Every structure is written in structure tokens, then in C-alpha cells.
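The sequence shown runs 30 to 595 under my numbering.
These notes concern the structure reproduced below.
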Amino acid sequence: MNHLKLSLLASIAIASPALAASTPKPVTPIEHVIVIVGENRSFDNMFATYRPKKGQTISNLLSRGIVNEDGTPGKNFSLAAQHLAQSKGEYVPTPDITGAYEFLPQPYAWGAFGQRKDVPDARFPADLPNGPFQITKYVSYGTHTGDPVHRFFQMWQQVDGGKKDLYVWTAETAGIGPSNGKAPVAYGKTFQGGVAMGFYNMAQGDAPYIRQLADEYAIADNYHQPILGGTTGNYLALTTADVAFFTHDGKPAVPPAKLIENPDAQPDTNNWYTEDGYVGGTYVNCSDTANPGVKGISDFLKRLPYRAFNDGNCAPDTYYMVSNLDPSFSPTGEALPLTQDKLPPQTIPTIGDALTAKGVTWRWYTGGRNDGKTVDKEYCAMCDTQSFFSSTMQGSDKSKLQDLQQFYVDAQKSESSFPAVSFIAPYDSISGHPGYAMETGFDELLRSVVDKVKQNPELWKKTAIFVTFDESGGYYDSGYVQFIDFFGDGPRIPLLVISPHAKKGYVDHTYYDHASILKFIEHNWNIPPLSNRSRDNLPNPIHDKASPYLPKNRPAIGDLMNLIKD
């Protein structure tokens, strides 16, 4: 099945439950919010050389003088220089700097479809200057390239307290961790190189459709991934503004020892974690500084010039998930065996719960879900995020989880029958994820969704389409990071608002993360924060012209209303 031919499938009708007869009126003219989520792109990875319309400013590699419009090193290239460090014994998020790279280590193609993974990627030179490099100087836009490291404890070190100078060193020393299947990765064999420093060049024609949308509508250049690390935690934050944890019978419990993170360096190694990886090292009890990895981050938070949200937001005796796991429910709601790659059923309040309670209609469309009984091989279970929750999968809201093709059917119907809030998770191959998904595929998906909504004029005039990415994918970003609690924030990621109500050609500098989308929905339909520990409780930022990216009232997260016309 060719999922790039989305328009050919738009007329396929899939059985669909009726939506509620009426939805409470919103406080803005926007009666429909559609959220499209791509995968694994930092803001600078996509918008490094974007020039906004006259009268607008932006913070990116070009504006900061780190690179020139042609992708070559700029006058301030050294601002993005990557350093060497040393971390032996107890984990720290800000290791001691020991020097700098003369050249970037040659990138690898780890995770790249059709490429050899265990040798340097010969398509890229071995003497790249120490800083960001233009990917499409060496390969065409849409070519499969390596997948950077993007795990929780690694990303803390990559960001290095806000200096953002240990992306390469962390990837080269810790990699994706030692526990990864039948053949664990060996110390010194991380197969990464300098891949994290790659960027696309809109000024030279890369990402043309996304650039077109940015020119025509509104973008944010201070929007962030909420959780340091990978997909599952950030998708979950998009629906809860919170962090999942290990449970038994719905209550916090202690996971198997193999699944508890230990990023302390193994003996006689430099930063080679003790227990970490996609089949080991998943949970952390951050309420106890005696646990591995906790003290260094807790001490860092205490040194901040402001108080961390809820003093770090770590409940007692709770093991929070900081890796990638799938739901323990099948797409049709059956309980699955609780293997090490499954997150136990979650009971955290979700935006789905809140919308249902308010009588606001919603749906979650996921590529490859089909009817739920037989899913496609490109179905991303962790991206079908409401399926992690007992409240959804054991109740009537389960019917609101639909295949992506149902979106195209629903968008052709009357405006009043289309859900007030909907989320779209793409097929894996067109998610934009480095390695196995081409950026061009995500561009085509995005175009198909926007075009389908515009083809229904009554729907279009009442709709705002928010486009973002789950997380930065381990790619370098030069922007400010606000440390909110133990779990994040992380680097900037793109955010676009496509709507007749969006400010035209506008670049917003307000501080945002995924909780901002929830705050927008909550503001629009008069819904309270999801819980007393969810980040949608945080105030909107107060900014001034002297420091437009750094909130004066930290920690603070905006509600995206500034991207909408008054």
C-alpha cells in the first residue's frame, strides 16, 4: 500500500460513530482545532536559514550568524562549536569540559533505510567543520540519513545546562545505551558521529511547502519539546501535560530492576551508562536523590534562578517513564501481556477525558490503524496516544480512535459534524522521522490535510491547523531552553498555525511547549487544567523587548493565542 497517495484514498469510507449532536461554543471564532504531529525535527534542523517576512524577526542559525544563507559557516560559527567532556562515576547533566572537536566526527547512517549502519557514512566528509552542516550539500532533500541519539538522560547532557555544546560528545560516548536487544551495543561503538549537527536549508530550496506555509500563516520560534528524550513521553505530554509512570492496578508501583534507569558511567569508561537502552532502562524514581541519575539533575534544578515547577514535579515513590514504550491495550481495547516494551495502563487525566466531560467532540486519527483489529505495519502504536489510558480504552471514547483515512472522509461532510478537536498521527513512513521516513512524505501528508480542509469552505473558515513535531530527534538547536522540572523542557521544535484566523507571515517569540496546545484548547472551550501537577497550570509568559525569548515569570508556558488575530 502506497501511503503517499493519500488523495486516492480520501473517498474510502470507514465505519464511524456519530459525533455528539452539539458542542459548546468556543470563545474564539475557531470551532475546530486540528493538531498534526510529525517526528523528530528541531527548529534549527528545519528552519535554520528561514527568512521571515519584512517586519518580522526570528532566532535561527542564519539570524545568529552561525551559518550563512548558502549553508557555509558564518561569522559566529563558533557559537555552535561542540566540546569534549568527561563523566566518570555518578551521572551529571553538565559534565566537565575537556576540550573541543577540531572537526566533527564523520556522521554514521545508523537507522537509515538502505544504508550500512556500522561504518561512517561515506556520503559525508570526514573533516566537517565543528558546528552545524547543511545535509543537502551532500545528499538530496528526502534522502534517508542517520538517526541521532534522542533519549532522556542523553538529551540532558546534550543540552548541557543550556550551552547546547555536547550533542556530539554525548552521542559518541553514551549513544542509545548498552541495552538494545540480543546484541548489546559495546562501549565506544555508538555509530553516531556528528549526525546531530545536520540541518536543512530553506534558503536553498529545502522543505518548500513548509516554507510556503510559514510565509502565508504564523509560526513560533520558541516552541519546545516538553520532555527530554523520545517519542512516547512527548506524545503523552501532548495529551496530558504530564509524565507517565509504572503502575499496578492503576497505582504507582516498582518496575522490574532491569527496567530502572542507571546512567552512572560503568567502571573505566567515559559516560558509558550502566543501564540504559530501548530494552533496558526505562523508568526513574526522581523523588529520591539516592537513585541513579537523580541527584545531578535535582542539584541543577536547585541552582536555577527560579523555582522549578512543583519542585521538580516528582511524586514520592513513583517511577516515571523516560523511554519509548507501546500501550498495553490493543487498538480494540483488549489487555496485552505486560512485556518490557509495554507501558502499564495509565490513569493520568487526559485532554480526551476533559473534552468528553465538557461535551466537546474529538477524535484521534492514526495512520495504519485500520479498523483496529488488523493494523498496518506502518501503524505507530505509541503515537495513537489515547490508547495508553484506561479511561479511553475501557469506555465509549475508544470509538473516537480512528484510522487516518477516516479524517479525509469526515472532512468532506458538513462542518457541524466534524469534531471540534482532532489529532493526526501519520503513517510511520511519512512521519518525517530520520532514518526510515522521508521529509518529503511528511510534506505531502501536510499538504493533503490542508487541501482537504480548504476544499470544505465552511470547515476551513472555522478551523486552525496546528503543525508540530513530537520532539527534536536529537538534532542540534541553538535556541533558549527553559528548565521547568525534572523532565524538561527540551530543545525547540517547529510549530505552525495554518488558519484564516492566523496572523499572516508572523513569527511569535512567546515561550511554548506541547502544554500550550492543551492550554489553547482549554482556553477556547473554558476547560480547567487537567490536574494539579499538569503543566497547563503554568502561567502565560511575561516577555519584554530586551529579552523576548526568556519569560520574566519563569517557569511559564504560553497558550498560543498570540498567533491568532485579535
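The beta carbon of each residue, even a glycine, is placed where N, CA and C say it ideally should be.
These numbers were taken from a predicted model, which means no experiment stands behind them.
Residues near residue i in its chain [Cβ-Cβ closer than 6 Å; skip 5 each side]
| i | result |
| --- | --- |
| F418 | Q375 and T379 |
| A585 | L567, P568 and P570 |
| T52 | V389, T390 and A449 |
| Q254 | N263, E500, S501, G519 and I522 |
| H572 | none |
| D328 | none |
| F182 | P292 and G322 |
Where the alpha helix (DSSP H) containing residue i begins and where it ends
| i | result |
| --- | --- |
| Y216 | Here Y216 belongs to no alpha helix (DSSP H), and DSSP marks it neither H nor E. |
| Q415 | Where Q415 is concerned, there is no enclosing alpha helix (DSSP H), given that its DSSP letter is neither H nor E. |
| H112 | Counting along the chain, H112 falls outside any alpha helix (DSSP H), though it belongs to the beta strand (DSSP E) covering H112 to Q115. |
| D439 | L433 to D439 |
| T469 | E468 to K483 |
| L656 | One cannot answer for residue 656 here, as it falls past the ends of the chain, which runs 30 to 595. |
| I239 | P237 to E245 |
| I513 | That residue, I513, is in no alpha helix (DSSP H); it is neither H nor E in DSSP. |
Nonlocal neighbours in the same chain, by C-beta distance under 7 Å from residue i, ignoring five residues either side
| i | result |
| --- | --- |
| N209 | G306, Y307 and V308 |
| L579 | Y509 |
| T385 | D426 |
| D382 | S420 |
Residue j beta carbon less than 8 Å from that of residue i
| i | j | result |
| --- | --- | --- |
| G103 | G94 | yes |
| G223 | V197 | yes |
| D514 | F274 | no |
| V121 | G341 | no |
| T492 | L524 | no |
| T641 | G190 | The chain is shown from 30 up to 595; residue 641 falls before or after that span and cannot be answered. |
| V178 | G204 | yes |
| A247 | K532 | yes |
| G310 | S359 | no |
| I593 | T57 | yes |
| E304 | G534 | no |
| A236 | A200 | no |
| A114 | L242 | no |
| F153 | Y130 | no |
| G67 | P455 | yes |
| A109 | P161 | yes |
| I63 | I453 | yes |
| G517 | L265 | no |
Residue i, buried or exposed, once every other Cβ within 10 Å from all chains shown has been counted against 16
| i | result |
| --- | --- |
| G461 | buried |
| D99 | exposed |
| I132 | With the sequence shown as reference, residue 132 is identified as Phe, and Ile is not the correct amino acid for it. Classification of F132: exposed, given that the 10 Å Cβ count is below 16. |
| H538 | buried |
| A50 | Note on A50: pLDDT 49, under 50, position unreliable in the model; no value is reported. |
| G217 | exposed |
| A42 | Because the pLDDT of A42 is 35, which lies under 50, any placement of that residue in the model is unreliable, and the number read from its coordinates should be weighed accordingly. It counts as exposed. |
| K548 | buried |
| S169 | exposed |
| D346 | exposed |
| T318 | exposed |
| S88 | buried |
| V565 | Note that residue 565 corresponds to Asp in the displayed sequence, not to Val. Label assigned to D565: buried. |
| A249 | buried |
| S316 | buried |
| G470 | buried |
| G424 | exposed |
| V313 | buried |
| G396 | buried |
Bridge partner(s) assigned by DSSP for residue i
| i | result |
| --- | --- |
| S451 | I63 and R392 |
| K371 | D355 |
| M350 | Y312 |
| P102 | V96 |
| K280 | H277 |
| R70 | According to DSSP, which records beta bridges pairwise, R70 is partnered with nothing at all. |
Cut-off 8 Å between Cβ atoms - residues of its own chain near residue i, not counting five sequence neighbours on either side
| i | result |
| --- | --- |
| N74 | G227, F228, Y229, S501, G502, Y504, Y505 and D506 |
| R398 | P360, V404, D405, Y408, D413, L430, Q431, D432 and L433 |
| S92 | T86 |
| Y79 | I87, N89, L91, M231, A232, R240 and A243 |
| R562 | D271, N339, N342 and A344 |
Continuous beta strand (DSSP E) stretch holding residue i: start and end
| i | result |
| --- | --- |
| N291 | N291 to A294 |
| D125 | D125 to A129 |
| I494 | T492 to F498 |
| T318 | Unbroken run through T318: none, as it is neither H nor E. |
| D537 | Y535 to D537 |
Beta carbon proximity, residue i to chain B, threshold 8 Å
| i | result |
| --- | --- |
| I126 | Absent here is chain B; the protein component of the structure consists of one chain. |
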